Amino acid sequence: MTTMSNSDRRQRPGSKESHRCSWGPYISAITNRTTNLFIRGGMLFSVGVFLALVLNLLQVQRNVTLFPPDVISSIFSSAWWVPPCCGTASAVIGLLYPCIDSRLGEPHKFKREWSSVMRCVAVFVGINHASAKVDFANNVQLSLTLAALSIGLWWTFDRSRSGFGLGVSISLLATLATQLLVYNGVFQYTSPDFLYIRSWLPCIFFAGVITMGNIGRQLALYEHSFLQQKTHQD
Amino acid sequence: MFPSLPGGQAKQSCTLPEPRREHYVNCNAQVRLKNPCTAAFRGRKQVASRETTWSPISRSLDALRRSVLGRPVLPNGRELTTPTRMTLREQLRKKISAAFYRHGLLCASYPVPIILFTSASILTCCYPLLRLPLPGTGPVEFTTGVRDYNVPFHEPQGDLGERPDWYHGPPVAYIQQVLVKAAVSPWDSSLVPVDVFRSPLGKVFSLLEEIRNHVHTDSSGIRSLEALCLQVTGLFPGLRRMQSVLPEHGCLLVSPGNYWQNQRELFDSDPDLLRTIQKHEPKGLHTSATLRDLLFGVPGKFTGVSHYNRKRVVTYTITVVLSHYDASFLNSLRNRLKQLHPSANCSLRDDHMVHVHFKEEIGIAELIPLVTTYIILFAYIYFSTRKIDMVKSKWGLALAAVVTVLSSLLMSVGLCTLFGLTPTLNGGEIFPYLVVVIGLENVLVLTKSVVSTPVDLEVKLRIAQGLSNESWSIMKNMATELCIILIGYFTLVPAIQEFCLFAVVGLVSDFFLQMFFFTTVLSIDIRRMELADLNRRLPAEAGLLPQKPVPLRTREVPPPPRPSPHTITLQTPAFRNLRLPKRLRVVYFLARTRLAQRIIMVGTVIWIGILVYTDPAGIRTYLAAQVSEQSPLGDHGGGVLPPHLPVAPVFRGGDPTSTLSIHPAPDPTTLPENQSQGHLGPARAGRLPHAPPAGPQITWGADDEEGWRRLSFRHWPSLFSYYNITLAKKYISILPVIPVTIHLNPQEAIDMRHPQDTRHPPPSIPKVSADFQTDLTLYKVAALGLAAGVLLVLLLFCLYRVLCPRNYGQNGVAHGRRRRGDLPCDDYGYSPPVSEISPLLLRGHSMDIECLASDGMLLASCCLAGQIRVWDAQTGDCLTVIPKPGLGRSISSSGCWEQRDAWDSLSGAAESECADPSNGCDGALEDECYPLRRRSAPSRPPLFTNQPDLTPLIDTNFASLPPSNVSTPPRVGFDFGGLVERAYTEHEPPSTYPSPSSASSSPHSCTLLQRSPSLGDSTGPSTQDSAVGTQGSGDVSSVWALELRGNLIAAGRSSGKLELWDAVEGSLRCSNEDSVSGITALAFLSNRIVAARLNGSLDFFNVEINKPLGLLHRGAPCRGSVPPSPCYSSEDVINCQLTRSVQCAHHKPITVLRAAAGRVVTGSQDHTVRVYRLEDSCCLFTLQGHSGGITAIYIDQTMVLASGGQDGAICLWDVLTGSRVSHVYGHRGDVTSLVCTNSCVISSGLDDLICIWDRSTGIKLYSIQQEVGCGASLGVISESLLVTGGQGCVSFWDLNFGDLLQTVYLSPSGDGQGVRQLLVLDNAAIVCDFGSELSLVYVPSVLEKLD
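If you read the protein sequences in the order shown, they are chains A and B.
The numbering of the first sequence is UniProt numbering, which starts it at 1 and goes up by one.
The numbering of the second sequence is UniProt numbering, which starts it at 1 and goes up by one.
1) Give me the DSSP bridge partner(s) of residue 1260 of chain B.
2) Compute the distance between the beta-carbons of residue 205 of chain B and residue 257 of chain B, then report whether it is under 7 Å.
3) With DSSP collapsed to three states, give me the class of residue 1321 of chain B.
4) Closest Cβ-Cβ distance between residue 384 of chain B and chain A: below 7 Å?
5) Alpha carbons only, please: which of B/448, B/510, B/331 and B/430 is nearest the one belonging to residue 384 of chain B?
6) Do residue 228 of chain B and residue 351 of chain B come within 7 Å of each other at the CB atom, strictly closer than that value?
7) So with Cβ pairs under 7 Å, would you call residue 46 of chain A a contact of chain B?
8) Buried or exposed: residue 1013 of chain B, going by 16 or more other Cβ atoms within 10 Å of its Cβ?
9) Going straight from the alpha carbon of residue 274 of chain B to that of residue 748 of chain B, what length do you get?
10) Please determine if the segment 457-471 of chain B and the segment 375-383 of chain B are in contact, where contact requires at least 3 C-beta pairs separated by less than 8 Å.
11) Using the DSSP secondary-structure output, state which residues sit across from residue 516 of chain B in a beta bridge.
12) From which residue to which residue does the alpha helix (DSSP H) around residue 1207 of chain B run?
13) I want to see whether chain B comes within less than 7 Å of residue 207 of chain A, judged by CB atoms only; does it?
14) To the nearest angstrom, how far is it from the Cα of residue 144 of chain A to the Cα of residue 202 of chain A?
15) What span of residues does the alpha helix (DSSP H) with residue 302 of chain B cover, start to end?
16) Would the beta-carbon of residue 1102 of chain B fall within 7 Å of that of residue 1162 of chain B?
17) Going by CA-CA distance only, name the one from B/740, B/737 and B/720 that's closest to residue 731 of chain B.
18) Go to residue 353 of chain B, then tell me how far its beta strand (DSSP E) extends in each direction, as first and last residue.
19) So the alpha helix (DSSP H) residue 485 of chain B belongs to, where does it begin and stop?
20) Hey, does residue 239 of chain A have any beta-carbon neighbour from chain B nearer than 7 Å?
21) Where do the ends of the beta strand (DSSP E) carrying residue 218 of chain B lie?
22) Is the beta carbon of residue 230 of chain B sitting closer than 7 Å to the one on residue 146 of chain B?
23) In chain B, what lies closer than 8 Å to residue 136 of chain A by C-beta?
24) If we count the other Cβ atoms within 10 Å of its Cβ and call it buried at 16 or more, is residue 700 of chain B buried or exposed?
25) My understanding is that residue 122 of chain A touches residue 59 of chain A, with C-beta atoms under 8 Å, so please give their C-beta distance in whole angstroms.
26) Is it right to say residue 432 of chain B is buried, meaning 16 or more other beta carbons lie within 10 angstroms of its own, or is it exposed?
27) Measure the beta-carbon distance from residue 1229 of chain B to residue 1245 of chain B and round it to whole angstroms, keeping in mind my assumption that it falls under 8 Å.
28) If we ignore side chains and look at the alpha-carbon of each, how far apart do residue 1097 of chain B and residue 531 of chain B end up?
29) Mind listing which residues of the segment 84-100 of chain A have their C-beta closer than 7 Å to chain B's C-betas, in chain order?
30) Tell me the DSSP secondary structure of residue 1282 of chain B in three-state form.
31) Can you tell me the Cα-Cα spacing of residue 203 of chain B and residue 357 of chain B, whole angstroms?
32) Cα separation between residue 712 of chain B and residue 299 of chain B?
33) Where does residue 90 of chain B fall in DSSP's three states?
34) Going by DSSP, what residue range makes up the alpha helix (DSSP H) through residue 131 of chain A?
35) Go ahead and pull the three-state DSSP assignment for residue 448 of chain B.
36) Compute the Euclidean distance between the alpha carbons of residue 576 of chain B and residue 1298 of chain B, then round it to the nearest angstrom.
Written out as structure tokens, the structure is:
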């Protein structure tokens, strides 16, 4: 699904481009940028929702060994608003990263390829998988391992200071928000262990932010190149 | 479809090249160009060539830049300027790159041994994997004896023996089944069907009571079931509907009694037992265990609980799930039950227990993340391999990359297993992550680096340089990854450690494979690419030879009959080896044998077979049951025989007497008998000693022994899953069943009846439905399976249709282009792919082309009218027109064409002009006719000097002739006297007719061609031009021989006059009239001209140029031909001096004259061939061997001399010694044409057969049947490409196999005018005459090759 949507994504701006070329340059640029933004946001949103569902399933699996016949419903076992929230957050992050890159004036140039992005996503899922499947001795070990893995992820696929800062801040904020929600009783963990949650949540958030930023940057790269092409054409 | 253009437009076409060109290209139509547009054609060719050379150029540029940048990295260190000031890092770097450089050289030098070595090492490392269990979800069994059973230890012992590795620790539970068979006997006719099962089922409650209350007392204390059984705490939350049936608390004890909450009262008051049982059945289709199976403990159809139970025996089990094993308690329970309900003839074995291990189950919930990771993995691989570029085979390299990664993973697992580490992680789960961690990056980097090295380097050096360029980054990445993984190793989490271990080993082995396997594959690929670049020699391979796009024929012209389609007689199929490139042949092979489909089919069948076989409820258990039935011991097939049967019982505290009574004898072979005796003993002492013969028989068979095998393999996991206990990766122990036989007398059954049973016997319809419930399920499954199968087949069919269109192989049909195409498929059913060849028609001659000569750049043609035209062989432009000498027209490339154009458009391409009625060459075929004609001609020419021009009067409408004339055999001539007389008398305007398309007409017409002075007197309309006399006008004779070298045209005339014309300016440079005997053949070599005359004399001329040759008027022609052609400027005074005249070279007319390699070879009617030296014109050899006149001679630069004669014989001679090498008879009739290639000799004869001979052995390889009259025209374009002329077409043949590659039709109307002469130019074009037109056919790919 991710690949399909990605490839879909790659083709769409091109076709749009050819359509709009007949319009005035200004209007076409505006519409292009906004439509591009929307498309990117939509893509990121769907990716986020999908990942949230899948990873939630992984976490559910940790606690339940065998499923009753109605397995599919357990995909949506958590609160309904969690996946959309994740989607929105990923869309925001994915749009934020390239934006910050351009604001800072240091375009990100490290490993800008879809294969690298795919690798990053795979590692992210792997971190989740590990946190769900692997039995850790204690929470400190879990936190340390996950933190090392997340930072390794950042180092392997990002290596930008802005990315790191954004990741850390967003993950801290998100953890805080989650904890607030939990304290207010809006949201409940399946696992009663509070410490357990606290130990893995920030790392997962961080890794997710890095991954989403990677995807967003890659998507923006396409828009960038298309716009550049267009200006060359003009 | 394409209308012939009027003249005005034709001239315009040159000024507007662009639209014309587009027209030409897009319509794929043959344009009748008067003056084909130079620019257009050139432009097209240039575009094509630019396309072909674009990528290498860009590559080399890129590579150049790279190599300059990478110069300091070069390992030899010479480019490094400051070797002294190197840091440690740089030294290391240099060393690494040097090592990589050497390694690259090694890999590229010995690819095959290295690949073999790598494969061997992969296999070696993967060998330990064979010992790993194959993945599967089916349960695994292990059988042990009951008597010496101990709970296995937690830690596996050293001496595992045959124990599986899962057999350690206590099982999840022990299953004790009490198998009850109950029947009402004797059967009474007063009984209703319900009685079959109501009272037997009712017995379950008393049995339950007995089991629950059984207490065993011995020295260690009192034990009851309550203490031993598995206590369950509650049903799984999602199973509310099961609450009423399954026990919620306490002992897990299931029996049919659960339907009635184990209460007798509820059972008794239940009016319809079957409905109660059916009530809990799931509505849909269930593959796993149903509730009925769970409670009854035997599959539904064996229970006998239905109204249509013929055997009237009810079978069910009471399943007790124990958490602890207590042998004494179980024994006492067994004995107690046996005492109560003895089984008379039961011979069930109860001496071993079966441990069943369940694999991990993968549910949908687990599957979704797994599938997601795999999708991500494939996306990663896809995006990675997409970047492989600029290699010969992208797919091959991508496959190699994936193979590298996968086999490195396998190697890592295998190595880890070899060193004692057993993988505990789920391989399927961690696999994608391992792949991602190892990655394809290095492979891509390597490819990119190697590809971007300079292309002009040797392959070895390219590989080495590419490797060394990237060596540093590769090593750095490798070290980084190893470090990261090493950090992961210190997390001290066992799973992560194991993962890291695999990853480290995988990384190392991946590096190894990259260095050895992938680099070698890459070198092979690069070498293949280079080879492909260097020798694109096989013209057939590139799929060149296309079907010519034939525009639509005009309606009124019927399609020409094809009397003799090209038939090929292949003699040795062994010769069809080299035709296609290997890749294409593999593809063709796959497509031909439908290999992919078959593999899929076979794979599916195997897969289904494996599924059926490994299905625990499937065929294997069935087979096992069969085997166990046949086995005398009653041993069930799958189980392991407990090896310790004779060992003394070790039960302590058990009931020793009962144990001994069960196993009285230690001899295992007699065990069944003893056992049954042991059972019989108590049975006789029981309350029901009689076995009523009339009633239903209760029999105990071998399949009752382990009745649970007949259950679904998900039976136990689903039972336990209801209580939220997983059996995944755990095992249960199934104890031997306790058989219980219950006989009820009819009175009991009647007593237990519910009042409704008799009053309301169940209606038949529900009964039937209930009865066939299970069968219906089966039918449903079958129907669904069938539907799915049909759907699958349809889907595959659609896929097949989508992927492989039906007419693949028969290319061109889909494009509707092969209307006339009789492009035969080869034996494989595939014809080579089609590209475009468009012939270019050169028009301008008013009559049939008589002589053709070319030197590669220029093309000179002479028609019957005596007009010589010079064309540009590249573009088809008419450069010069040399008119009939008598008229003395100067160059005029325009003016005279309008009328010709109109004339052309009317008469089409099929005109056959047979001019002179008085001098037909007996109607013989033209090819054979040449010598005869020349022989008889000399006295004639003066007769016709002053006759009027007959050109416009030519009537080619042979259809109007009497049919007898048409059908006359070729030897009978036509008499045109009357026709000409009529023309004389009536002075009619030129009468033109659209030519009939009869194929037979053209050869006949061709026979009548004659060089007649009368024809050339005026070219009709050209008389309007003022004659510019550049030559004497008194002597008019036709051109019999034409040669072209440089820009000089040598023309030999029938009057014996030799003329030298300037090809560019059209001016006569000099002439020689020393002899009056007609020149039949000319040879023009460097500055010598050899003329063979009709009287058998041979004249050697020397062309003297008074000005030095330095001034090149035209640069191009000097390039092409092998002996440097002289180039003359217009200022030069050229003299043609007769140096030597061999008067009596032959005493009969010379028919053939060939010159090459400093030799002049003449063939004559006097059966001899003579070889002269060109320098001193001395006769070297007279070759005798033919028994007829020589008709064809071939000699080329390699001094190959072949001659063919009227006797149909072909002789090969050694020119150096004059000896005959071989002598074969191949044709019935004259040999008309001979060509040699390096490996074969091609001859054509009057019998219209083209024979291809092996040159060294003289064996005929195969022959090609040609169309009538076209046998003589053939040429060899390259070593493997033969071109022959046909009726209005030229055909290209693969010389190696005799396959017709393509037929190019010369004329849009498609009527058959035979191609009589065919000339292969140096620039891979062929020129053939086509009536009055010339056709220039470019063979594009050959053009590329020669460039």
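Where a beta carbon is used, it is the ideal one built from N, C-alpha and C, also for glycine.
Note that the structure is predicted; figures quoted are calculated from it, not measured.
Once the coordinates are examined:
1) By 1-based counting over the second sequence, the position of residue 1260 of chain B is 1260. B/1253.
2) Here residue 205 of chain B is taken as the residue at index 205 of the second sequence, counted from 1. Here residue 257 of chain B is taken as the residue at index 257 of the second sequence, counted from 1. Contact flag set, yes.
3) Numbered from its first residue, the second sequence carries residue 1321 of chain B at position 1321. Residue 1321 of chain B falls in the coil class under three-state DSSP.
4) As a first step, residue 384 of chain B must be located in the second sequence, where it is residue number 384. Judged by the 7 Å Cβ criterion, residue 384 of chain B is in contact with chain A.
5) The sequence position of residue 384 of chain B within the second sequence is 384, counting from 1. When each option's Cα is compared against that of residue 384 of chain B, the closest is B/448.
6) Here residue 351 of chain B is taken as the residue at index 351 of the second sequence, counted from 1. Here residue 228 of chain B is taken as the residue at index 228 of the second sequence, counted from 1. No, the pair does not count as a contact, with Cβ atoms beyond the cut-off.
7) The count along the first sequence starts at 1 and reaches residue 46 of chain A at position 46. With 7 Å as the cut-off, residue 46 of chain A does not count as an interface residue toward chain B.
8) By one-based count along the second sequence, residue 1013 of chain B stands at place 1013. Note that residue 1013 of chain B scores 40 on pLDDT, short of 50, meaning its location in the model is unreliable; the coordinates nonetheless yield the value given after this. Looking at its Cβ environment, which holds 16 or more other Cβ atoms inside 10 Å, residue 1013 of chain B is buried.
9) Here residue 274 of chain B is taken as the residue at index 274 of the second sequence, counted from 1. Here residue 748 of chain B is taken as the residue at index 748 of the second sequence, counted from 1. One C-alpha to the other measures close to 20 Å.
10) no
11) Mapped onto the second sequence, residue 516 of chain B falls at position 516. DSSP, once it has assigned bridges, lists no residue as partnering residue 516 of chain B.
12) As a working note, residue 1207 of chain B is residue 1207 in the second sequence. Per DSSP, residue 1207 of chain B belongs to no alpha helix (DSSP H) and is neither H nor E.
13) Here residue 207 of chain A is taken as the residue at index 207 of the first sequence, counted from 1. No - not a single Cβ of chain B is within 7 Å of the one on residue 207 of chain A.
14) The residue labelled residue 144 of chain A in the question sits at position 144 within the first sequence. The residue labelled residue 202 of chain A in the question sits at position 202 within the first sequence. Whole-angstrom Cα-Cα distance: 11 Å.
15) Counted from its first residue, the second sequence places residue 302 of chain B at position 302. Run containing residue 302 of chain B: 300-303, per the alpha helix (DSSP H) assignment.
16) As a first step, residue 1102 of chain B must be located in the second sequence, where it is residue number 1102. As a first step, residue 1162 of chain B must be located in the second sequence, where it is residue number 1162. In this structure, residue 1162 of chain B does not lie closer than 7 Å to residue 1102 of chain B by Cβ.
17) For this step, residue 731 of chain B is matched to residue 731 along the second sequence. Selected option, being the one with the closest Cα: B/720.
18) By one-based count along the second sequence, residue 353 of chain B stands at place 353. Taken as a continuous stretch (DSSP letters only), the beta strand (DSSP E) holding residue 353 of chain B covers 352-357.
19) On the second sequence, residue 485 of chain B is found 485 positions in, with the first residue counted as 1. Taken as a continuous stretch (DSSP letters only), the alpha helix (DSSP H) holding residue 485 of chain B covers 459-489.
20) What the structure shows of chain A is the stretch from 1 to 234, and residue 239 of chain A is not part of that stretch, so it cannot be assessed.
21) Sequence index remark: in the second sequence, residue 218 of chain B carries index 218 (1-based). Looking at the DSSP string, the run of the beta strand (DSSP E) that includes residue 218 of chain B is 215-218.
22) Within the second sequence, numbered from 1, the residue matching residue 230 of chain B stands at position 230. Within the second sequence, numbered from 1, the residue matching residue 146 of chain B stands at position 146. It is not a contact, given that the beta carbons lie outside the stated cut-off.
23) One-based indexing of the first sequence puts residue 136 of chain A at position 136. Neighbours of residue 136 of chain A on chain B, chain order: 493.
24) Start at 1 with the first residue of the second sequence, and residue 700 of chain B comes out as number 700. Looking at its Cβ environment, which holds 16 or more other Cβ atoms inside 10 Å, residue 700 of chain B is buried.
25) Walking along the first sequence from the start, residue 122 of chain A turns up at place 122. Walking along the first sequence from the start, residue 59 of chain A turns up at place 59. Contact doesn't hold; Cβ gap of about 18 Å is too wide.
26) Numbered from 1 along the second sequence, position 432 holds the residue referred to as residue 432 of chain B. When all chains shown are included, residue 432 of chain B counts as buried.
27) Your numbering for residue 1229 of chain B matches position 1229 in the second sequence. Your numbering for residue 1245 of chain B matches position 1245 in the second sequence. About 5 Å; that satisfies the 8 Å criterion.
28) On the second sequence, position 1097 is the one that residue 1097 of chain B refers to. On the second sequence, position 531 is the one that residue 531 of chain B refers to. About 52 Å.
29) none
30) Your numbering for residue 1282 of chain B matches position 1282 in the second sequence. Reduced to three states, the DSSP call for residue 1282 of chain B is strand.
31) For the purposes of this step, residue 203 of chain B is taken as residue 203 along the second sequence, with counting starting at 1. For the purposes of this step, residue 357 of chain B is taken as residue 357 along the second sequence, with counting starting at 1. Residue 203 of chain B and residue 357 of chain B: Cα-Cα distance of roughly 33 Å.
32) Looking up residue 712 of chain B in the second sequence gives position 712. Looking up residue 299 of chain B in the second sequence gives position 299. Cα to Cα, the separation comes out at about 8 Å.
33) By 1-based counting over the second sequence, the position of residue 90 of chain B is 90. Three-state DSSP puts residue 90 of chain B in a helix.
34) As a first step, residue 131 of chain A is located in the first sequence; it is residue number 131 there, counting from the start. 114-133 is the extent of the alpha helix (DSSP H) around residue 131 of chain A.
35) Translated into the one-based positions of the second sequence, residue 448 of chain B becomes position 448. The answer is helix: DSSP assigns residue 448 of chain B an H, G or I state.
36) Position 576 of the second sequence holds residue 576 of chain B. Position 1298 of the second sequence holds residue 1298 of chain B. Residue placement at residue 576 of chain B is poorly supported in this model, since its pLDDT is 38, which falls under 50; the coordinates are not used for a value here.
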